[in-house]
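Contents: one structure, followed by commentary.
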Amino acid sequence: MASLASVQQWDQAYDVVIAGFGLAGMCAAIEAHDLDPDLSILILEKAPEAETGGNSRVAGQSLLISRNARALADYQRRMSEFSPIPEDMLQAWAEAMTQLEPWIQERAKQAGAQFIQGTGFSERDAVLEFPEFGAREAVHCTATILPIPSGVYLAFRENIRQRPRIEIAYETPIRDLVQDPDTLEVFGVIVESEGKRKAIRANRGVVLAVGGFEANPQMQRDYFGLADVAPLGTPHNTGDGIKILQKAGADLWHLRNKGQSGGIWPGFRPDGFVNGFLRTFFWQSFSWIEIDANCERFYNETAELQLTHFKEKKHGQYIETPHYRAGPVHMIFDAITCQHNKLVTEVMSWNPVVRGYRWSDDNSAEIAKGWIVQADSIEALAPKIGRDPAALKATVERYNAACRQQRDDDFGRNPQTLMPVAQGPFYAIRIDPVIVCTGGGARRNIRSEVLDHEGRPIPRLYEAGELGSMFSDLYQNGSYLTEAMISGRAAGRQLAALAPHAAEGVK
Ligand SMILES: Cc1cc2nc3c(=O)[nH]c(=O)nc-3n(C[C@H](O)[C@H](O)[C@H](O)COP(=O)(O)OP(=O)(O)OC[C@H]3O[C@@H](n4cnc5c(N)ncnc54)[C@H](O)[C@@H]3O)c2cc1C
């Protein structure tokens, strides 16, 4: 925290200062603006303009639409059994969710974009993650805004463009809050701009919407115990919000949800990349397996784990798939899988959507780069990936025998996916665990007020979106983006209603 006394003079002043130009920050700005068009609003964004948008820009853009608040609250309560969400927050959130759809449609219309039911890139009308907890009753459908990719983000960005009183400062990260050290009341922010620290006054208050810590390897180790995971989303979400909130006297929550709620997925991070590629989940053929550090298969590779954000049911509970603790993991596949499956999906994630990397349809470019290793036999493949030839051969032969019997006694793989790894040449690629997003941050309430260690709101400080998400454990598809909308709007609504600081309290 920077104390009010330490600010010699304010470099700029606005009514509302929002940090983070992702969906949560945009929704806070739109709501505050639409309730009071005279407000001066500044959005601070750490990334350069070409790299803004955060995870919101590279998400799958699925939006959870519910028309039954009670069923939605029941469903979420059961998903959060291990770390209950405060009941008043849960119920108010569920009510808000059932009222959100017309507002999203309005935003799409204002941007001249099309709102559709479905994911936009699969046949599914709705992804029902945990049916036994009541998904069918809770989820009316999945919806999105076209185009794919980035449609929701693009529509909201256009909404911001149409509100010229909302200013955006790119390459201007928030570094600190200016607070009264006794009351913790927030008066403004300290930012870094062109190598200089500047103090910006916020007459009404500040919203922190700077995303999570997925791209901060040290925080991944410290808070989640994950080594060497790669983000699928923006490399700019490095946990700045959590550090600022710690200094601000906020209480923290939800740093260690199952798989960070969004899950730990199989992906590929070639050398030199900060971000991972997301492995495809639309397979044309299944002549592939994965092996762990012991050179053995270790889970049911073709279970449709994308439908549970890569949590599998073990011992009666949903837990993370073991990739992050089984490594090094390699995917071993044959010529048929190589020719008929682009190994990555490009409808979401940073590398294809923002960096513009185009993976070749038959993976030939990535073989040429050496990201995928090729050999004429399994024994010849093994040493190229640091494996024992006899052990790898035995694992492939055991799997191929299961294919012949059409029965996988080891992991119960669906017989329709039991296709032998038999057609040379053979291939291997290292699987790296990749992260959707983190939910940890400050404890907050449904008004998006940040709470201190005694559960009291820190005056004039709000938090929205993934930073401090209310999701505490398991997660239903489409909930993060809609939470960014609900929590962002709540913060904007509060700020529009707040009286400005008393003049004498501010320099
Ligand atoms: C591959 C992928 C797929 C996903 N699919 C879905 C989906 O289909 N449906 C769904 O609901 N959710 C999905 N999610 C999750 C969802 O994208 C996020 O939870 C949501 O976008 C978070 O929005 P946000 O505004 O809180 O954060 P973000 O969109 O990440 O925005 C945070 C912004 O803050 C900026 N920032 C960081 N530090 C600072 C700083 N110090 N100062 C100023 N700015 C800063 C960042 O540059 C960024 O622009 C997906 C995520 C990923 C990565």
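Under this note's numbering, residues 5 to 511 are what the sequence shown spells out, in order.
Heads up, the beta-carbon is just placed ideally off N, CA and C, and yes, glycines get one too.
Here the alpha carbons of A147 and R128 stand approximately 10 Å from one another.
The bridge partners DSSP lists for I22 are I47 and V211. Under DSSP, H334 forms a beta bridge with I295 and R434. Counting of Cβ neighbours within 10 angstroms places E85 among the exposed residues, the total staying below 16.
Relative to ligand 1, the beta carbon of N279 is positioned no closer than 7 Å to any heavy atom. With distances taken between CA atoms, L256 lies nearest to G245 out of G245, S265 and L282. A distance below 8 Å separates the beta carbons of L181 and M5. Your pair G472 and G445 checks out as a contact, with CB atoms roughly 3 Å apart and the cut at 8 Å. For N220, the Cβ stays outside the 7 Å cut-off from all heavy atoms of ligand 1. Judged by the Cβ position, F25 qualifies as a neighbour of ligand 1 at the 7 Å threshold, a heavy atom of the ligand being closer than this. The Cβ-Cβ distance between D338 and A426 falls below 8 Å.
Setting aside the 5 residues that flank it on each side, I172 is surrounded in the same chain by F25, I47 and E49, each with a C-beta closer than 7 Å to its C-beta; the list follows chain order.
Under the three-state reduction of DSSP output, I204 falls in the strand class. R225 counts as exposed, since fewer than 16 other beta carbons sit within 10 angstroms of its beta carbon.
When the beta-carbon positions are compared, A63 and L485 come within less than 8 Å of each other. According to the DSSP assignment, A54 belongs to no beta strand (DSSP E), since it is labelled neither H nor E. If the five residues before and after G57 are omitted, its C-beta is found closer than 6 Å to the C-beta atoms of Y157, all from its own chain and listed in chain order.
Distance from the Cα of E110 is smallest, within the candidate group S44, I34, Q183 and R71, for I34. Counting of Cβ neighbours within 10 angstroms places R460 among the exposed residues, the total staying below 16.
Within the model, the alpha-carbon separation for Q12 versus G209 is close to 19 Å. By the neighbour-count criterion, in which a residue is buried when 16 or more other Cβ atoms sit within 10 angstroms of its Cβ, Q80 is buried.
When the five nearest sequence neighbours on each side are left out, the beta carbons in the same chain lying within less than 6 Å of the beta carbon of A51 are those of H240, in order along the chain.
According to the DSSP assignment, E350 belongs to no beta strand (DSSP E), since it is labelled neither H nor E. One thing to note: V190 has its Cβ within 8 Å of the Cβ of A206. Look at W375 here: in three-state DSSP terms it is coil, with no helix or strand label. Among the bridge pairs identified by DSSP, D180 is matched with I194. Here the distance from the Cβ of Q310 to the nearest heavy atom of ligand 1 is not below 7 Å. Boundaries around I120 are those of the beta strand (DSSP E), F119 to Q121, since no alpha helix (DSSP H) includes it.
In this structure, the CA atom of P185 is about 14 Å from the CA atom of L465. Partner residues in the beta bridge of G445, as assigned by DSSP, are W257.
S452 and P463 have their C-alpha atoms spaced approximately 12 Å apart. Taking all protein chains shown into account, P135 has fewer than 16 neighbouring C-beta atoms within 10 Å of its C-beta and is therefore exposed. Excluding sequence positions up to five before and after S483, its CB lies within less than 7 Å of the CB of L68 and F475, all in the same chain and listed in chain order.
Secondary-structure assignment with DSSP links G271 through a beta bridge to L282 and D436.
Distance check between P419 and each of A213, D380 and R408 places R408 closest, using alpha-carbon atoms only.
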